[in-house]
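Each remark here refers to the structure printed beneath this line.
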């Protein structure tokens, strides 16, 4: 059968030629099927590297291991389907959260690695469920933040963030304690250091060693010490509030 002559003005195949019907799309779907304002994920022309399913997307999942002086940079490159990609992302990120801190530079590299993996995770989540695989797809398992390494990392982060304010609060609470007031009112004392270091030692009032009677705290009731009294103001007491009036007993 003779081939019909080409129509006038017809040229080579073009993805947007009217005679081809629905325009060709590099994303595998007609342009009118893509919602306005949403950019589709460019899918790989071949299946997932793990199970062979479609759709699959090209992405790189990274990991890091810190070993004091040495370190290892790990990576798994796609294409991945949704399930295999999420499983790879969660496994490598969880391993990084407990293997990646053991080195001076790894302390800074580990959080960057985990953050970079969020980009691959977003690409996997935008894919449809995998179909047509040669092998079973990997099970994504528990989300990253429900796995033990992530929980330990989260607990350590919270502890580090909470410890400084807690220490400051405890210090303020300890500072609010009333300082010691010295000997009780109405008791007798002797000064073991002759008022040089204010070392007042309790002594029975009938003892010949007793030198002073503690009559009151200076300023109590708005009154001051009586004439002839001594004022005891140790450095560890608060001036005015806990100064003692000492009346000589001999």
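In the working numbering, the protein residues as written are 1112 to 1361.
Cβ coordinates follow ideal geometry from the N, Cα and C atoms, glycine included.
Bear in mind that the values here come from a model prediction, so they are computed numbers and not experimental data.
For a quick check, are the C-beta atoms of residue i and residue j less than 8 Å apart?
{"i": "residue 1171", "j": "residue 1186", "result": "yes"}
{"i": "residue 1192", "j": "residue 1231", "result": "no"}
{"i": "residue 1276", "j": "residue 1294", "result": "no"}
{"i": "residue 1357", "j": "residue 1325", "result": "yes"}
{"i": "residue 1363", "j": "residue 1224", "result": "Here the chain covers residues 1112 to 1361 and nothing more, so residue 1363 does not appear."}
{"i": "residue 1165", "j": "residue 1241", "result": "yes"}
{"i": "residue 1255", "j": "residue 1205", "result": "yes"}
{"i": "residue 1301", "j": "residue 1278", "result": "no"}
{"i": "residue 1203", "j": "residue 1173", "result": "yes"}
{"i": "residue 1177", "j": "residue 1217", "result": "yes"}
{"i": "residue 1335", "j": "residue 1329", "result": "yes"}
{"i": "residue 1249", "j": "residue 1195", "result": "yes"}
Would you give the residue range spanned by the alpha helix (DSSP H) that residue i belongs to?
{"i": "residue 1193", "result": "1193–1210"}
{"i": "residue 1225", "result": "1217–1236"}
Tell me whether residue i sits in a helix, a strand or coil according to DSSP, three-state version.
{"i": "residue 1143", "result": "With a pLDDT of 40 at residue 1143, under the threshold of 50, the modelled position of that residue is not reliable, and no figure is offered here."}
{"i": "residue 1320", "result": "coil"}
{"i": "residue 1160", "result": "coil"}
{"i": "residue 1258", "result": "coil"}
{"i": "residue 1341", "result": "strand"}
{"i": "residue 1249", "result": "coil"}
{"i": "residue 1136", "result": "Below a pLDDT of 50, predicted positions are generally treated as unreliable, and residue 1136, at 38, falls in that range; no measurement from the model is reported."}
In the DSSP assignment, the beta strand (DSSP E) including residue i goes from what residue to what residue?
{"i": "residue 1326", "result": "1323–1328"}
{"i": "residue 1177", "result": "1171–1178"}
{"i": "residue 1067", "result": "This structure cannot speak to residue 1067, because the chain is shown only from 1112 to 1361."}
{"i": "residue 1312", "result": "1311–1314"}
{"i": "residue 1302", "result": "1299–1302"}
{"i": "residue 1296", "result": "Segment: none, residue 1296 is in no beta strand (DSSP E) and carries neither H nor E."}
{"i": "residue 1187", "result": "1181–1188"}
Between residue i and residue j, which are expected to be in contact by the criterion C-beta below 8 Å, what is the C-beta distance as a whole number of angstroms?
{"i": "residue 1322", "j": "residue 1269", "result": "About 58 Å; that fails the 8 Å criterion."}
{"i": "residue 1190", "j": "residue 1234", "result": "10 Å between Cβ atoms; not a contact."}
{"i": "residue 1227", "j": "residue 1162", "result": "That belief does not hold up - the Cβ atoms of residue 1227 and residue 1162 are roughly 24 Å apart, past 8 Å."}
{"i": "residue 1201", "j": "residue 1251", "result": "6 Å"}
{"i": "residue 1311", "j": "residue 1354", "result": "The pair is not a contact, with the Cβ atoms about 12 Å apart (cut-off 8 Å)."}
Please tell me whether residue i has its Cβ less than 8 Å away from any Cβ of chain D.
{"i": "residue 1170", "result": "Although the question refers to chain D, the structure presented lacks it and comprises just one protein chain."}
Cβ pair count under 8 Å reaching 3, the region 1255–1273 against the region 1296–1303: Note that the region 1255–1273 does not touch the region 1296–1303; fewer than 3 beta-carbon pairs, one per stretch, sit closer than 8 Å.
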